[in-house]
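Oh and the sequence shown: position 33 is 460 in our numbering, straight run, nothing missing. Quick reminder that beta carbons are idealized off the backbone N, C-alpha and C, glycines included. The structure appears right after this line, and notes come after that.
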Amino acid sequence: MKKIGVLAFQGGVIEHVKKIEEIGHIPVLVKKIEDLDGIDGLILPGGESTTIGKFLIETGVKEKILSLAEQGMPMWGTCAGAILLSKTIKNQGSGVLPLLDIVIERNAYGSQLDSFKKEVFVLRFNKTTECVFIRAPKIVDVGSNVEVLAQLDTPIAVLQGTILATTFHPELTSQNYWHSFFVENVIK
428 MKKIGVLAFQ GGVIEHVKKI EEIGHIPVLV KKIEDLDGID GLILPGGEST
478 TIGKFLIETG VKEKILSLAE QGMPMWGTCA GAILLSKTIK NQGSGVLPLL
528 DIVIERNAYG SQLDSFKKEV FVLRFNKTTE CVFIRAPKIV DVGSNVEVLA
578 QLDTPIAVLQ GTILATTFHP ELTSQNYWHS FFVENVIK
């Protein structure tokens, strides 16, 4: 069993915890630097990226995460988490944890009222998965070392080494494909 950290400042924390438990692993709530010790991977959940980023900086967790990333710690950002991991945020600079060579645009699909669900075929899974987009960002460009795992009109799931990002919320569906993929293929 793997210990999977879930950044627990704000956002879809409980939903990720439940998914980790459903696939037989141990969730660890990460609120302070010490909580990062001994985990096998880290999920940065959806929520409000500015708020989460502020907590990362104020608590010192940001520097520890960057250090762990240099050591190869697998990480997965969903929605706001993807924004935090982006090297470039369109018209705004970089994410708080600029580890992923993508350009992302915040709230690209519109407001809360424009949120939607969509079935998307993922070649890597050879399955269709349900994707929930809530004030979702859009990946508008990817670096040459970034693998696109799923897309609509633009990429919605990407992988660069041990860094996974999805612009949607897999934790809000009945499926466990993405959580299993993170544990089995990114963490290993």
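{"Asked": "Between the CA atoms of Thr-555 and Lys-481 - distance to the nearest angstrom", "Found": "36 Å"}
{"Asked": "Rounded straight-line distance, which links the Cα of Gly-487 to that of Pro-582", "Found": "31 Å"}
{"Asked": "DSSP beta-bridge partners of Ser-513", "Found": "Leu-527"}
{"Asked": "Glu-485, buried or exposed, once every other Cβ within 10 Å from all chains shown has been counted against 16", "Found": "exposed"}
{"Asked": "Residue range of the unbroken beta strand (DSSP E) whose run includes Ile-583", "Found": "582-587"}
{"Asked": "7 Å Cβ shell around Thr-593 - same chain, five flanking residues per side excluded", "Found": "Thr-505, Ala-509, Ile-583, Ala-584 and Trp-605"}
{"Asked": "Selection from Ala-577, Val-433 and Ser-476 that minimises the alpha carbon distance to Gly-465", "Found": "Val-433"}
{"Asked": "Best match in Ile-460, Ile-531, Phe-543 and Gly-468 for proximity to Thr-515 [C-alpha to C-alpha]", "Found": "Ile-531"}
{"Asked": "Boundaries (first-last residue) of the beta strand (DSSP E) holding Phe-482", "Found": "Segment 476-486 is the alpha helix (DSSP H) holding Phe-482; no beta strand (DSSP E) there."}
{"Asked": "Reduced DSSP secondary structure (H/G/I, E/B, other) of Asp-541", "Found": "helix"}
{"Asked": "Residues sharing a beta bridge with Gln-578, DSSP", "Found": "Pro-582"}
{"Asked": "Leu-471 beta carbon less than 8 Å from that of Leu-512", "Found": "yes"}
{"Asked": "Top-ranked residue by Cα proximity to Phe-560, from Ile-614, Ile-566, Tyr-536 and Gly-588", "Found": "Tyr-536"}
{"Asked": "Beta-carbon proximity list for Met-502, same chain, < 6 Å, skipping 5 on both sides", "Found": "Leu-469 and Ile-590"}
{"Asked": "Per-residue burial, Glu-449 [other beta carbons within 10 Å of its own, 16 or more giving buried]", "Found": "exposed"}
{"Asked": "Local conformation of Ala-563 per DSSP, three classes", "Found": "coil"}
{"Asked": "Val-433 - containing beta strand (DSSP E), residue span", "Found": "430-434"}
{"Asked": "Nearest-angstrom Cα separation, counted from Val-569 out to Gly-451", "Found": "33 Å"}
{"Asked": "Candidates Ile-529, Phe-543 and His-596: closest to Lys-446 by CA position", "Found": "His-596"}
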